[in-house]
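Taking mature numbering (1 follows the signal peptide of the UniProt record, and there is no 0), I'd label the letters of the sequence shown as residues -20 to -1, 1 to 620. Glycine included, each C-beta is placed from N, C-alpha and C at the ideal position.
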Amino acid sequence: MSKIPLSLFFCFVCFFSTNAQLNYSFTPTSGSYIPLARTNTSVTQVNAGYTAHDEGYANNIPLGFSFNYNGTVYTSINANTNGFASFKPFTSISNPADNNYWLSDLHSGAHGQSSALASRPLLAPLWDDLDLYSVGDLKYVTTGSAPNRVFTLQWGRVYWTLSAAQLGIEFQIKLYEGSNQVEFHYNQLGGAVQGTTDAPPSASIGITAEGTGDGKFLSLNNTSTNPTASSTVNTFTISTKPATGQIYRFTPGATLDPNSLNYSFTAVQGTYQAIEGGAPALLVNAKAGAATEDEGIADSIALFMPFKYNGSNVSFVSVHTNGFLSFQSLRPVTDGATQNFSTPDLSGGPFGPAVGPSGPNNGRPVLAPLWDDNALATTADIRYQLSGTAPNRVFTIEWSRVSWNKNAAAPAIEFQVRLYETSNVIEYHYNRLAGAVGAASGAAIGLTGTSTGAGNFMSLSDASASPSISSTVSTNNISTKPATGQIYRFTPLAPPVVSTCTPVKATTDLSVTASAADNFFSAVSDTRQVLVTVRELGGIAADSAVIRIAKGQASGYTFTMGSGSDNANWIRREDVSFVYFDRIGGLGCSRNSTLAINMTRNTSAGQQFNVTFRALTSVAQSANFRYNDSFSVLFVSDSQ
């Protein structure tokens, strides 16, 4: 398929959104390319004017496990014959001259039918105007067993480009369960890379976030064994094959999982401060036949400040009169019998036909200060306000003069959601009014993640000053007003801490000697237990790591296993000079392990001892256990 002029390309790249940054590091390496002989995909033509193996896609390919890409969990992937894949489905194109998938553009593509339907985020092992030998050359397989499975997607027998006379390359994407690493693998075939004067080879290699623009992609500058990856320079001129066995690896950074809730909860007392002069929200009818103040939506109210919810950046809220808001766009229901926003359900709701800016969604995540079948006195009783100065602003949404539930005779309560810039803390504030709670009331108070089910919500047990919080029991029968001045606060948990240690292999013994004040033996054959805490560094893989414990004297020591807190994970071996302990498992850069050693000194009282630690010098073992000079050993003696 022919390319469009580059002048049009530069028009495309000037539009970008503010979705989450891409949080990956890049590493080139090498290995063996292993071709697949497994399941073919079902390839759909992009347009009737082109063959499916030239311009085609395969949607909803099952991964076989849950894969976290850039903070979002996926269970399927979508492949395009032009050498890239997406976690969002591809669509057919009515006019490929204007909308296409063959134009490589990590900065802003792939547009497909329109930029609004762009199939991002993308994984692009070799994105160009490619052609497969047949539709059967797009294959996939999931191998291994949980929790260490690997999904492989393969483009086999590829012409690079459409104008090429012979098959030139094949390549794969590999997705790793647990580590969530992404790898691109390559194998050269005999054919040359060929194009035309108007359509030369012009590939991109890299990955993207869902959003577009700088910081939302990583683009390799070439296909060497050690290319650089840029988040600001979009390379789309690659025309040299990666070497056979070349692997490009993308490793995720420390992120919070947006499909689980990462918040702590606190209930405190304060003073309710009503919004004065805030802007009223514009309500639209949420259900045919109902009054707007009963079933109304104020959709997509801009926050006007940066705010991160559950690890993801959000820029607007959509507010419902029934006492909750969403970080998605909400839409009116068309069938009130089966679709409604009036039934509180933190585990699975809110059930409306919600449609967000990126396509269909279930209206989640939700913040619910008092979710029930409520009604307002007027449509002006939802108001919002931004107060303070950056970087410490507060965005407040207020539901005032609320009848709880809609059949109540008079307003019973008013309440607010407050979002705090920088700290990303969420607070619910309450103020009692004179009216009684309606007889049929049964509210939910809490918040949710994007996904449904246990672990994806936090539900308060009641409206007391110190309610309990549950992520497995969704309470929806609260009928007592929170006290005036009551505040329920949700504080985001800190993301995982990843050490910045630089792994290097130790070349000398690392030893610690007990101080004179500790660990004196009181008599011949006296036995003391020493707890040794080892901080293991270096991003260790899931392999055995060996530590050698050498006797500090030529003779006179007996080593036996004690009862340390981590002893179940150590294995003992002995020879004439040494005692070994094999540590099983990948521990990363910030894990402390404790080992207890019972040491008997067969000499007179008052003698000291020392124990030396070092990595086993065998290359096969030391490659799996790496540490640097900050490797620490701590002796803690028993007390007598």
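- Membership of W384 in any beta strand (DSSP E) is not indicated, and neither H nor E is assigned to it by DSSP.
- Straight through space, the alpha carbons of T55 and G433 are spaced by roughly 16 Å.
- Non-local beta-carbon contacts of V173 in its own chain, meaning distances under 6 Å to residues more than five positions away in sequence, involve W140, G148, P181, S219 in chain order.
- Rounded to whole angstroms, G89 and N48 show a C-alpha spacing of 22 Å.
- A direct Cα-to-Cα measurement between N40 and T203 gives close to 29 Å.
- Look at the beta carbons and you see the region 396 to 413 touching the region 369 to 385: at least three pairs across the two are nearer than 8 Å.
- Sorting S306, G291, S292 by C-alpha distance to the C-alpha of S298 places S306 at the top.
- Excluding its 5 nearest sequence neighbours in each direction, S211 has C-beta neighbours in its own chain below 7 Å: L2, D194, G195, F197, L198, listed in chain order.
- Note: F164 is bridge-paired with I153, Y228 in the DSSP secondary-structure output.
- Rounded to the nearest angstrom, the Cβ distance from H87 to N214 is 4 Å, consistent with a contact under 8 Å.
- Counting the other CB atoms within 10 Å of its CB gives T177 a total below 16, which places it among the exposed residues.
- G116 is classed as exposed because its beta carbon has fewer than 16 other beta carbons within 10 Å across all chains shown.
- F64 sits buried, since 16 or more C-beta atoms from the chains shown fall within 10 Å of its C-beta.
- Between G303 and L350 the beta-carbon gap is near 4 Å, inside 8 Å, which marks them as a contact.
- Straight-line measurement puts the Cα of S327 at about 15 Å from the Cα of G422.
- With contacts defined by Cβ atoms closer than 8 Å, N354 and T428 do not form a contacting pair.
- Here the alpha carbon of G291 sits roughly 15 Å from the alpha carbon of Y4.
- Secondary structure at D279: strand, using DSSP grouped into helix, strand and coil.
- The C-beta distance from W135 to L118 rounds to 6 Å, short enough to fall under 8 Å.
- Annotated three-state conformation of D361 is helix, per DSSP.
- Less than 8 Å separates the beta-carbon of F164 from that of Y228.
- Taking N201 as the centre and dropping the five residues before and after it, the same chain places the C-beta of P207, T208, T215 closer than 6 Å to its C-beta, in chain order.
- Per DSSP, the beta-bridge partners of D111 are Y139.
- A direct Cα-to-Cα measurement between T122 and A59 gives close to 15 Å.
- Spatial neighbours of G426 in its own chain (CB-CB distance under 7 Å, excluding positions within 5 residues in sequence) are listed in chain order as L326, A348, F437, M438, S439, L440.
- In this structure P222 touches Y166 by the C-beta definition: roughly 4 Å separates them, less than 8 Å.
- According to DSSP, residue pairing for V374 in a beta bridge involves S367, Y400.
- Boundaries of the beta strand (DSSP E) around I467: 466 to 472.
- Contact between P345 and T452 is ruled out by a C-beta separation of about 17 Å, above the 8 Å threshold.
- For the options N404, A282, I185, S72, the alpha carbon positioned closest to that of L366 is the one of A282.
- Here G186 carries a strand assignment [DSSP, helix/strand/coil].
- Boundaries of the beta strand (DSSP E) around E407: 406 to 412.
- If you draw a straight line from the Cα of T464 to the Cα of V53, it comes to about 40 Å.
- The beta carbon of R381 is closer than 8 Å to those of L356, A357, T358, D361, P391, E394, L413 in its chain, skipping five residues each way along the sequence.
- Cβ-Cβ distances below 6 Å link N387 to G418 in the same chain, with the five nearest sequence neighbours on each side left out; the list follows chain order.
- In the three-state reduction of the DSSP assignment, G116 falls in the helix class, which pools H, G and I.
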